[in-house]
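Okay, so here's the structure we're looking at.
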Amino acid sequence: MEKKTLSAKLLASPHIVWSVLFIIAPLIMVAYYSFTNADGNFTLENIKALSDYKEVFLNSIWYGIVATLICLVIAYPTAYFIARSKARVQSTMIMLVMLPMWTSLIVRTYSIMSLIENTGIINTFIQKLGFEPIQMINTSGAVILGMVYDFLPFMILPIYSVLTKLDNKLVEAAHDLGADKITVLTKIVLPLSRSGILSGITMVFVPSVSTFYISQKLGGGNFALVGEIIEGQFVTSNNFNLGASLSLVLMVLILICMAVMNHFSGDEEESSGGLMP
Amino acid sequence: MEKDIIIDLKNIDVSYGENKILDNISLYIRDKEFITLLGPSGCGKTTTLRVIAGFTQPDCGDVIFNGKKINDLPPYKRQVNTIFQKYALFPHLNVFENIAFGLRLKKKSDKEIKERVAEMLELVNLKGFSKRNIDSLSGGQQQRVAIARALANDPKVLLLDEPLAALDLKLRKDMQVELKNIQQKLGITFIFVTHDQEEALSMSDTVVVMDNGVIQQIGTPQDIYNEPKNAFVADFIGESNILDVVMKEDFRARFSGHTFQCLDKGFGTGEAVDVVIRPEDIVVTTPDKGMISGTVTSVTFKGVHYEIIVDIRGFKWMIQSIHEQQVGDEIGLVIEPDSIHIMKKSIYSGKFGDYSSFSDEIDHLSDIEEEE
Amino acid sequence: MSTKMNVSSKIYLGLVYFFLYAPIIVLIVFSFNESTSTSVMSGFSFKWYGELLRDADTINAVKNTLLIAVVSSVCATVLGTAAAVGIDKMRNKYLRSAIMNTTNIPMMNPEIVTGISLLLLFAFSSQLLGIKNALGLHTLIIAHITFVLPYVILSVLPKLHQMDHHLSEAAMDLGCTPVKSFFKVVLPSIMPGILTGFIMAFTLSLDDFVISYFVSGPEWQTLPIRLFSMTKKRVKPDMYALSTLIFFVMLVLLMLINFMQARGDKKKEKDK
Chain A
4 MEKKTLSAKL
14 LASPHIVWSV
24 LFIIAPLIMV
34 AYYSFTNADG
44 NFTLENIKAL
54 SDYKEVFLNS
64 IWYGIVATLI
74 CLVIAYPTAY
84 FIARSKARVQ
94 STMIMLVMLP
104 MWTSLIVRTY
114 SIMSLIENTG
124 IINTFIQKLG
134 FEPIQMINTS
144 GAVILGMVYD
154 FLPFMILPIY
164 SVLTKLDNKL
174 VEAAHDLGAD
184 KITVLTKIVL
194 PLSRSGILSG
204 ITMVFVPSVS
214 TFYISQKLGG
224 GNFALVGEII
234 EGQFVTSNNF
244 NLGASLSLVL
254 MVLILICMAV
264 MNHFSGDEEE
274 SSGGLMP
Chain B
5 MEKDIIIDLK
15 NIDVSYGENK
25 ILDNISLYIR
35 DKEFITLLGP
45 SGCGKTTTLR
55 VIAGFTQPDC
65 GDVIFNGKKI
75 NDLPPYKRQV
85 NTIFQKYALF
95 PHLNVFENIA
105 FGLRLKKKSD
115 KEIKERVAEM
125 LELVNLKGFS
135 KRNIDSLSGG
145 QQQRVAIARA
155 LANDPKVLLL
165 DEPLAALDLK
175 LRKDMQVELK
185 NIQQKLGITF
195 IFVTHDQEEA
205 LSMSDTVVVM
215 DNGVIQQIGT
225 PQDIYNEPKN
235 AFVADFIGES
245 NILDVVMKED
255 FRARFSGHTF
265 QCLDKGFGTG
275 EAVDVVIRPE
285 DIVVTTPDKG
295 MISGTVTSVT
305 FKGVHYEIIV
315 DIRGFKWMIQ
325 SIHEQQVGDE
335 IGLVIEPDSI
345 HIMKKSIYSG
355 KFGDYSSFSD
365 EIDHLSDIEE
375 EE
Chain C
1230 MSTKMNVSSK
1240 IYLGLVYFFL
1250 YAPIIVLIVF
1260 SFNESTSTSV
1270 MSGFSFKWYG
1280 ELLRDADTIN
1290 AVKNTLLIAV
1300 VSSVCATVLG
1310 TAAAVGIDKM
1320 RNKYLRSAIM
1330 NTTNIPMMNP
1340 EIVTGISLLL
1350 LFAFSSQLLG
1360 IKNALGLHTL
1370 IIAHITFVLP
1380 YVILSVLPKL
1390 HQMDHHLSEA
1400 AMDLGCTPVK
1410 SFFKVVLPSI
1420 MPGILTGFIM
1430 AFTLSLDDFV
1440 ISYFVSGPEW
1450 QTLPIRLFSM
1460 TKKRVKPDMY
1470 ALSTLIFFVM
1480 LVLLMLINFM
1490 QARGDKKKEK
1500 DK
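Chains as they are written, first to last, in the working numbering: chain A, 4 to 280; chain B, 5 to 376; chain C, 1230 to 1501.
What follows is the structure in structure tokens.
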């Protein structure tokens, strides 16, 4: 017995070393840079400077919430209908949901951008009809559209995978006991698909809050989101310390959001089944 | 020490944390013997098998094989092979390669391997199956492949861990006969683990009854059934009425208001003992002709016989009789001296009472439970 | 749960799929446009694809992306499979969950945080070591291995879980040493999981933009980074062509993963 566990630990040890070096240590670095200045001396300046970014954070969270809710509203019926369709078409339909998910975010953001540009296909069409072109790109709506478009599959998939596992006999049993369609949906299907909804929310909210390219490409830099500010600190203004403290706060904020959500749902299940096809 | 002893376990202890799985197990196994380890779930029978196979290291005690201590010999160097509970056939290999697995490791020539595999397939009646996938076989066929795979290595001892548990009743009976035939044909030792007492009694030369990590009794099937050592063995093997009795004197036991003659000797006057009477040994008669009498409380038709529960002075007896009785009837019972088996008191005394809460289902439920 | 669908739900699904695919299809169509316009189709041509082939930067980015994807997915597969086997055998519940939770951090954390945390680590250690420009191929590979590792582990672990643990005992019983039994029996049994993990790692690595963006440095462009920097200029159909190519590569990879999983499922069903 002893020998077995020892060799097992040895097999996992490269991974453990790797995790410490490239997962734990980098996170410690984030904390370290947050509390030091460019010369490496301890300072609280970066933390104090965060107060200037209160609005940016609130803005990001607000955009994240709006995009997540829109995704949820679109995705739930989609997942429900896919789960109820014939088994043969189901796998094709779900693959069609997964395909954009696996296609580079850049490509997807870019495809939206080319549609709604001032010289893009929609405006060209509108002009052909004799109307004035509409300003779509560089608006807050465009940023939300980009988030919804980019992350919608991440909401559909986990909800779908919970709904397919839902035993149809439960629905039949509820009907048998006298429940109408609406009651079945609210009392049986929705509560039982909660874990899928939760992981969907996580998978849309986290990237939406932290994105920088969507707001850059579709918002034209007019709607500063925290991701964009962080990116700016590292890429243009070269203020690693402020960037680190912003990231630290972002991470903590997201952790708090997740904790609040998990607390209210009282869910003990692991919210998985999302990214894995 | 006897010459034909092939495996000798001496004072084996195994525990997982606080749990003592095997408690001072000593057991010797003769060459060419069909021995069965019998007991309920968690009694330690599978662990005993794993100690012999080398998958579990005993905390203390010796495992001796052919006169040599093999405690530290890893499983792949032992001359024993195992048939696992769910067969553990390699899903990525076909029937032929599964059976050839051990032979290839021994670097046998292709010709030799071919011959040996063919021989094994013939032995287990699976000729022509060599190219088949494991997935495409039925449970019974997988079982046969597992047997062939283990035997191809020419082991001195074959260990079988509840090999028939996954098969349905009819197939199980067939395989019992077949296994016994294979064992006799090859003349090697089989160590068989089961929780099914019928299986144990019908196949074995020797039965080892275990409970709670302790060997309760070792003996021939007849010994085990007719002369159980304690209340546990009596209750586990077959049906039995177990009474708490005080000896009047040697050869005379008094219970249910009657003094019975009996054949078991060596008990003092006034000694408290357990008495076992098998339901089929009780003769039903009219109340006036019976040694004791009581009221029938339930009758169940079982095919071969009726199972009748009789209340005698508050103790519910089970009787198996080919004559039907009506609930509420008053009947008399006759018990011959050779039907009364007297046992010394043990830790199991008083744990197995009468049949007042008897129902078929309880038995079936405990059958389903899995070992480990 | 699968029953008949009514018309309105079909229309709804149609609209959702239209929303998901219309932008991509427009992009694919205009990648074959003859003129530079991205809104008026003036004729069919492969001209933009030809231009891509002549663009040294793009070709270079493709090479880099492939190199990084191959190296990091191979490393992650080896590292992850070994880790999964080790984790599977661990009896200590706390150690096990500590390792799993750490492993999952890159999956749960916002990508930007993973990216900048690695960037900070590289910046810090290069400062310590006195290296001027630490970022490059090796940092990209390290970063990619790190964020694809959990996917490999999570696709191998369930296979180990499903595997009859008596299999390796059976192999030893028949004469295999523990090491041999791993290679002859355990490895073939978990192979589908390893392959899925590998392809997933490869795909994710090809696809990654955010993390690569922070750890790539000025000299090493990957394809998504190249695409990102192209959009800084005016939109031109050559970017459409590149996007189209990426889209179809993903399509093929996804179909491959699907095919392998379908095969695995079929096998599972047979086992029952």
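All C-beta atoms in this analysis are idealised placements derived from N, C-alpha and C, irrespective of residue type, glycine included.
query	result
Counting only beta-carbon atoms, is residue 1395(C) nearer than 9 Å to chain E?	Among the protein chains of the structure shown, namely A, B and C, there is no chain E.
Count the other CB atoms, across all protein chains shown, that sit within 10 Å of the CB of residue 201(B); report buried if there are 16 or more and exposed otherwise.	buried
Of all the options 42(A), 149(A), 122(A) and 247(A), which has the alpha carbon lying nearest to the alpha carbon of residue 220(A)?	149(A)
Can you say whether residue 104(A) is buried or exposed, counting buried as having 16 or more other CB atoms within 10 angstroms of its CB?	buried
If I measure Cβ to Cβ from residue 342(B) and keep anything under 7 Å in the same chain, skipping five residues before and after, which residues do I get?	267
Using a C-beta to C-beta distance shorter than 7 Å, which residues of chain C count as neighbours of residue 36(A)?	1349
Starting from the C-beta of residue 1472(C), find all residues in its chain whose C-beta is less than 6 Å away, skip the five residues before and the five after it, and write them out in chain order.	1256
Tell me, which residues are paired with residue 347(B) by DSSP?	278(B)
Mind checking residue 308(B): buried by the 16 CB within 10 Å criterion, or exposed?	exposed
Look up residue 47(B) in the DSSP assignment and give the residues it is bridged to.	Answer is none; residue 47(B) lacks a bridge partner.
Closest to residue 1267(C) by C-alpha separation, out of 118(A), 145(A), 187(A) and 181(A), would be which residue?	118(A)
Taking the alpha-carbon positions, what's the residue 209(B) to residue 38(B) distance?	5 Å
Quick one: grab the DSSP three-state call for residue 327(B).	coil
Are any of the Cβ atoms in chain C nearer than 9 Å to that of residue 56(A)?	no
When DSSP labels each residue in this structure, what does residue 21(A) get in the three-state scheme?	helix
Reducing DSSP to helix, strand and coil, say where residue 262(B) ends up.	strand
I want to see whether chain A comes within less than 9 Å of residue 1421(C), judged by CB atoms only; does it?	no
Per DSSP, residue 196(B) is paired with what?	40(B) and 164(B)
Mapping the DSSP letters down to three states, classify residue 1449(C) as helix, strand or coil.	coil
What does the Cβ neighbour count give for residue 1290(C), buried or exposed, with the cut at 16 atoms within 10 Å?	buried
Taking CB distances under 9 Å as the criterion, tell me whether residue 1372(C) reaches chain B.	no
Where does residue 193(A) fall in DSSP's three states?	helix
Quick check on the DSSP output: what are the complete alpha helix (DSSP H) runs of length 4 or more inside the stretch 45-112 of chain A, in order along the chain?	48-52, 57-87 and 90-105
Go to residue 35(A), then tell me how far its alpha helix (DSSP H) extends in each direction, as first and last residue.	28-37
Three or more C-beta pairs under 8 Å: does that hold for the stretch 151-167 of chain A against the stretch 76-87 of chain A?	yes
Within 9 Å of any Cβ in chain A, is that where the Cβ of residue 1367(C) sits?	no
Secondary structure at residue 65(B), three-state DSSP: helix, strand or coil?	strand
Where does residue 228(B) land, buried or exposed, given buried means 16+ other C-beta within 10 angstroms?	buried
Just confirm the distance between the C-beta atoms of residue 1259(C) and residue 1274(C), as a whole number of angstroms; I'd bet it's less than 8 Å.	The pair is not a contact, with the Cβ atoms about 11 Å apart (cut-off 8 Å).
Rounded to the nearest angstrom, how far is the Cβ of residue 196(A) from that of residue 173(A), given a contact under 8 Å?	That belief does not hold up - the Cβ atoms of residue 196(A) and residue 173(A) are roughly 12 Å apart, past 8 Å.
For the stretch 1333-1366 of chain C, which segments carrying the alpha helix (DSSP H) assignment without a break, of at least 4 residues, lie completely within its bounds, in sequence order?	1340-1358
Exposed or buried, residue 1402(C), counting other C-beta atoms within 10 Å across all chains shown (16 or more means buried)?	buried
Our contact map puts residue 11(B) next to residue 56(B) with C-beta atoms below 8 Å; I'd like the distance itself, whole angstroms only.	6 Å
Along chain C, in chain order, which residues have C-beta atoms closer than 7 Å to that of residue 32(A)?	1346, 1349, 1350 and 1353
Which residue marks the beginning of the alpha helix (DSSP H) containing residue 1246(C), and which one marks its end?	1236-1259
Helix, strand or coil, according to DSSP, for residue 237(B) in the structure here?	helix
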